[in-house]
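Report on the structure given below.
Residue numbers (the working numbering): 34 to 188.
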């Protein structure tokens, strides 16, 4: 019995260990702290054929989604045309209040809103012309502040 327990423990130790010791990207000391792109989307709940709630989403069209040399992204948000997956009644309900902003940032970096800017990935209360600031922190502690300005909304 003791021998079986010994082999079980030995087997578990081998099963829960990793052989990967090298060949991994070294990003823990990265100095990259950039936003490479921004998207915005509208989300709503519909009932599927089984009667369960299902989240639907539609990406908005942005006139620009990459920062300039001053770490600023200025764009116009255009609501796409209605379609079978984006009904007219839902399209007509789209406003800047409730859109979700999503960014792509450098690997191993963190991003946080400054001065009351909406949290990313949550519905935000955006306004035309307001300067929303986000601080991107690299893995090594370097920081960069990005300015995001919505110039207009085209329904």
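Cβ atoms here follow ideal geometry from the backbone N, Cα and C, with glycine treated the same way.
Taking the straight line between their C-alpha atoms, what separation do you get for residue 111 and residue 94? Start at 1 with the first residue of the chain shown, and residue 111 comes out as number 78. Start at 1 with the first residue of the chain shown, and residue 94 comes out as number 61. Whole-angstrom Cα-Cα distance: 5 Å.
How would you call residue 161, buried or exposed, if buried means at least 16 neighbouring beta carbons within 10 angstroms? By one-based count along the chain shown, residue 161 stands at place 128. With fewer than 16 Cβ atoms within 10 Å of its Cβ, residue 161 is classed as exposed.
With a floor of 3 residues, list each beta strand (DSSP E) that falls wholly inside the region 115 to 162, ordered by position along the chain. 130 to 138, 143 to 147 and 156 to 158
Provide the residue(s) that pair with residue 188 in DSSP beta bridges, ordered along the chain. Taking the first residue of the chain shown as 1, we reach residue 188 at position 155. The partner list for residue 188 (beta bridge, DSSP) is empty, contrary to what the question assumes.
For a test of the three-state rule: what should DSSP assign to residue 41, helix, strand or coil? Within the chain shown, residue 41 is the residue found at index 8, counting from 1. DSSP places residue 41 in helix when its eight states are reduced to three.
Here's the rule I'm using: 16 or more other beta-carbon atoms within 10 Å means buried, otherwise exposed. How should residue 88 be labelled? Residue mapping note: residue 88 aligns to position 55 of the chain shown, counting from 1. Under this definition residue 88 is an exposed residue.
Can you name the residues that DSSP bridges to residue 88? As a working note, residue 88 is residue 55 in the chain shown. Looking at the DSSP assignment, residue 88 forms a beta bridge with 78.
Per DSSP, residue 65 is paired with what? One-based indexing of the chain shown puts residue 65 at position 32. Answer by DSSP bridge pairing: none, since residue 65 is not bridged.
Please classify residue 128: is it buried, with 16 or more other beta-carbons within 10 angstroms of its beta-carbon, or exposed? Position 95 of the chain shown holds residue 128. Exposed, since its Cβ has fewer than 16 Cβ neighbours within 10 Å.
Express the C-alpha separation of residue 105 and residue 144 in angstroms, rounding to a whole number. As a position in the chain shown, residue 144 is number 111, starting the count at 1. As a position in the chain shown, residue 105 is number 72, starting the count at 1. About 15 Å.
Please look up how many angstroms separate the CB atoms of residue 90 and residue 74, rounded, as I've assumed it's under 8 Å. Counted from its first residue, the chain shown places residue 90 at position 57. Counted from its first residue, the chain shown places residue 74 at position 41. Sure, about 5 Å apart at Cβ, within 8 Å.
Does the Cβ of residue 176 lie closer than 7 Å to at least one heavy atom of the ligand ATP? For the ligand ATP, the structure offers nothing, since it holds no ligand at all.
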